[in-house]
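Residue numbers (the working numbering), protein chains in the order written: chain F, 3 to 252; chain W, 3 to 252.
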């Protein structure tokens, strides 16, 4: 029985992976994904690893569907949750634009703990109210759209989680994003840089919008911008807590 | 060694729970939470269950902190992820407003698979682009704020996930929300009702904004509203797939 499973591996540690994800991985004959994620999966010597680089999601999805159509049990893996800027959308785009037989394959998506949830948990409860999740990459959408979304999200009072906040190829977007947010939000709104949550090189920084320095983010950093209801609890000898009050004052 | 862990149990099935959550639950002396969530946890006869009703989050959080301060190992449990309209925010509000000793307790939040991620996975990949998560309850925020957030989110082009979409005490809000969204979005935008994902009484419905009937939601239903880039893949003999294209056309 062949199938394709799109699997969220969760954040850095396997302890944050679900039993359902582990069970599917244990049955897979083929692992498909961006190389660092494929490398995270422990598997027997008979399992075929198809690791690729980060820019070829649609080709990778088609390759996975080809393998499933040929009778393999294929695990397409993403970090965090595959539905949040992971492989799930690319798989269904490939299904819609591919051979009709692909739509009849046994496909399922297995959710995972997304990076935004893991980062929030390490910080306390910054997502305590309404929130939004935005990719700052302009590879697949115009930069004007990104800026408009940031402005509307701040006007709405959402806590804002930024994926793909910064990379070597996109060094300037985060600074522009902070500048745009400063036109709507006050400088005392908390900002957190959550780097590599759950991995040995994890690093957390809590600051505020007035002082947020885009140079402190790299390609492993999720950036969280609070709202007017986000509060910081000072602690001695430990990282401060951030949380957003459930109540919204008018 | 006493502690307090705020634990996301994941959606309906234990298979969607993380190993980290299971390990903490296995060490807890006390379980605190809304009764249906406490009931979901398998535990030995020595574990004390403190189940309460749904409207007393802050009292429940204070009770949990009291127990931890008295030397117990306390698991505060929420369905899905505790940071997304779960107990995490109430715990930190109780810490900030409570005795100074509470801030020195060993507290950690253990993330889980939130309902929005589980619902999205069952539907395909509707969160493929930027998205937001909004509670439709006006218990803790003015209804005007909810309506303004819906309008801004639609203008931004976010896929919108609605928690607390409907209850017996709040029967009319979802219809008003759909009406508001229809002033910004076209009627062909996909809408999904995802009820009790991962539980035996799971029920999924895919429709569009023109035809979305608020009567089809109940207090276990998460409602997802797509955006202009959300597509529906028709299937025969199985639920259609929904996915949002990663690319955004200007």
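For glycine and all other residues, C-beta sits at the position ideal for the given N, C-alpha and C.
Give the DSSP-derived three-state secondary structure of residue 140(W) in the structure shown. Within the second chain, the letter at position 138 stands for residue 140(W). DSSP places residue 140(W) in coil when its eight states are reduced to three.
Going by beta carbon distance, what residues of the same chain come within less than 6 Å of residue 246(W), once the five residues before and after it are set aside? On the second chain, residue 246(W) is found 244 positions in, with the first residue counted as 1. Hits under 6 Å: 128, 130, 131, 161, 231 and 232.
Length of the line joining the Cα atoms of residue 145(W) and residue 195(W): By one-based count along the second chain, residue 145(W) stands at place 143. By one-based count along the second chain, residue 195(W) stands at place 193. Cα to Cα, the separation comes out at about 22 Å.
Contacts that residue 43(W) makes with chain F (C-beta to C-beta distance below 9 Å): As a working note, residue 43(W) is residue 41 in the second chain. None at all; the shortest Cβ gap to chain F is about 15 Å.
CB-CB length for residue 114(F) against residue 23(F), believed under 8 Å: The residue you call residue 114(F) lines up with position 112 of the first chain. The residue you call residue 23(F) lines up with position 21 of the first chain. Right, their Cβ atoms sit about 6 Å apart.
Helix, strand or coil for residue 80(F), going by three-state DSSP, please let me know. As a working mapping, residue 80(F) is identified with position 78 in the first chain. Reduced to three states, the DSSP call for residue 80(F) is strand.
Interface positions of the region 95 to 114 of chain F facing chain W (Cβ-Cβ less than 7 Å), listed along the chain: 95, 97, 98, 105, 111, 112, 113 and 114
Residue of 55(W), 28(W), 98(W) and 176(W) minimising C-alpha distance to residue 77(W): Start at 1 with the first residue of the second chain, and residue 77(W) comes out as number 75. For the residues 55(W), 28(W), 98(W) and 176(W), the minimum Cα distance to residue 77(W) belongs to 28(W).
Go ahead and label residue 101(F) buried or exposed: buried means 16 or more other beta carbons lie within 10 angstroms of its beta carbon, across all protein chains shown. Taking the first chain and counting its residues from 1, the one referred to as residue 101(F) is at position 99. Exposed, since its Cβ has fewer than 16 Cβ neighbours within 10 Å.
Taking the CB atoms as reference points, tell me whether residue 138(F) and residue 148(F) lie closer together than 8 Å. Within the first chain, numbered from 1, the residue matching residue 138(F) stands at position 136. Within the first chain, numbered from 1, the residue matching residue 148(F) stands at position 146. Yes, the Cβ-Cβ distance between residue 138(F) and residue 148(F) is below 8 Å.
Could you tell me whether the Cβ atoms of residue 136(W) and residue 119(W) are closer together than 8 Å? One-based indexing of the second chain puts residue 136(W) at position 134. One-based indexing of the second chain puts residue 119(W) at position 117. Result no, Cβ atoms of residue 136(W) and residue 119(W) do not sit closer than 8 Å.
Which whole-angstrom value is the C-beta distance of residue 205(F) and residue 214(F), which I expect to be below 8 Å? Along the first chain, read from residue 1 onward, the residue named residue 205(F) stands at position 203. Along the first chain, read from residue 1 onward, the residue named residue 214(F) stands at position 212. That pair is no contact at about 15 Å.
Indicate whether at least one CB of chain W lies closer than 8 Å to the CB of residue 232(F). Translated into the one-based positions of the first chain, residue 232(F) becomes position 230. Taking Cβ atoms only, chain W never reaches closer than 8 Å to residue 232(F), which makes this a no.
Against chain F, with Cβ distances strictly below 8 Å, would residue 247(W) count as a contact? In the second chain, residue 247(W) corresponds to position 245, counting from 1. Yes, contact with chain F.
Quick one: does residue 78(W) have its CB under 8 Å from some CB of chain C? You won't find chain C in this structure, because its protein chains are F and W.
Residue 195(F) - containing alpha helix (DSSP H), residue span: Along the first chain, one-based indexing puts residue 195(F) at 193. It is not in any alpha helix (DSSP H) - residue 195(F) instead sits in the beta strand (DSSP E) that spans 192 to 197.
Closest by C-alpha distance to residue 201(F), when choosing among 133(F), 87(F) and 81(F): The residue given as residue 201(F) occupies position 199 in the first chain. Ranking the options by Cα distance to residue 201(F), first place goes to 81(F).
Own chain, CB closer than 8 Å to residue 3(W), minus 5 neighbours either side, in chain order: If you number the second chain from 1, residue 3(W) lands on position 1. The answer, listed in chain order, is 75 and 108.
Counting only beta-carbon atoms, is residue 243(W) nearer than 8 Å to chain F? Locating residue 243(W) in the second chain gives position 241, where the first residue counts as 1. Chain F, which has a Cβ nearer than 8 Å to the Cβ of residue 243(W), makes this yes.
On the DSSP bridge assignment, give the partners of residue 7(W) in chain order. Numbered from 1 along the second chain, position 5 holds the residue referred to as residue 7(W). In the DSSP output, where bridge partners are listed per residue, residue 7(W) has 77(W) and 110(W).
Counting only runs that start and end within the region 143 to 225 of chain F, where is the alpha helix (DSSP H) found for 4 or more residues in a row? 145 to 158 and 175 to 184
Among 250(W), 163(W), 31(W) and 180(W), the one whose alpha carbon lies nearest that of residue 87(W): Residue mapping note: residue 87(W) aligns to position 85 of the second chain, counting from 1. The candidate whose alpha carbon is nearest that of residue 87(W) is 163(W).
Spatial neighbours of residue 31(F) in its chain, beta-carbon cut-off 6 Å, leaving aside the 5 residues before and after: Counted from its first residue, the first chain places residue 31(F) at position 29. Answer for residue 31(F): 74 and 75, listed in chain order.
Shortest alpha-carbon distance to residue 239(W) belongs to which of 218(F), 106(F), 181(F) and 67(F)? The residue labelled residue 239(W) in the question sits at position 237 within the second chain. Check the Cα spacing between residue 239(W) and each of 218(F), 106(F), 181(F) and 67(F): the tightest is with 106(F).
So, is residue 14(W) buried or exposed, given that buried needs 16 or more other C-beta atoms within 10 angstroms? Looking up residue 14(W) in the second chain gives position 12. Label assigned to residue 14(W): buried.
What separation, rounded to the nearest whole angstrom, lies between the Cα atoms of residue 112(F) and residue 207(W)? On the first chain, residue 112(F) is found 110 positions in, with the first residue counted as 1. On the second chain, residue 207(W) is found 205 positions in, with the first residue counted as 1. Distance between the alpha carbons of residue 112(F) and residue 207(W): 19 Å.
For residue 227(F), which residues in chain W fall below 7 Å Cβ to Cβ? By one-based count along the first chain, residue 227(F) stands at place 225. In chain order: nothing, as chain W lies at least about 13 Å away.
So for residue 242(F), helix, strand or coil by DSSP? Against the first chain, residue 242(F) aligns to sequence position 240. Residue state, collapsed to three classes: coil.
Measuring alpha carbon to alpha carbon, tell me which residue in 64(F), 140(F) and 211(F) is nearest residue 171(F). On the first chain, residue 171(F) is found 169 positions in, with the first residue counted as 1. Selected option, being the one with the closest Cα: 140(F).
Per DSSP, residue 232(F) forms a beta bridge with which residues? Mapped onto the first chain, residue 232(F) falls at position 230. 246(F).
Compute the distance between the beta-carbons of residue 34(F) and residue 52(F), then report whether it is under 8 Å. Reading the first chain from its first residue, position 32 is the one you call residue 34(F). Reading the first chain from its first residue, position 50 is the one you call residue 52(F). With a cutoff of 8 Å on beta-carbon distance, residue 34(F) and residue 52(F) are scored as near each other.
Does residue 136(W) come within less than 8 Å of chain F when only Cβ atoms are used? Sequence index remark: in the second chain, residue 136(W) carries index 134 (1-based). Residue 136(W) counts as touching chain F.
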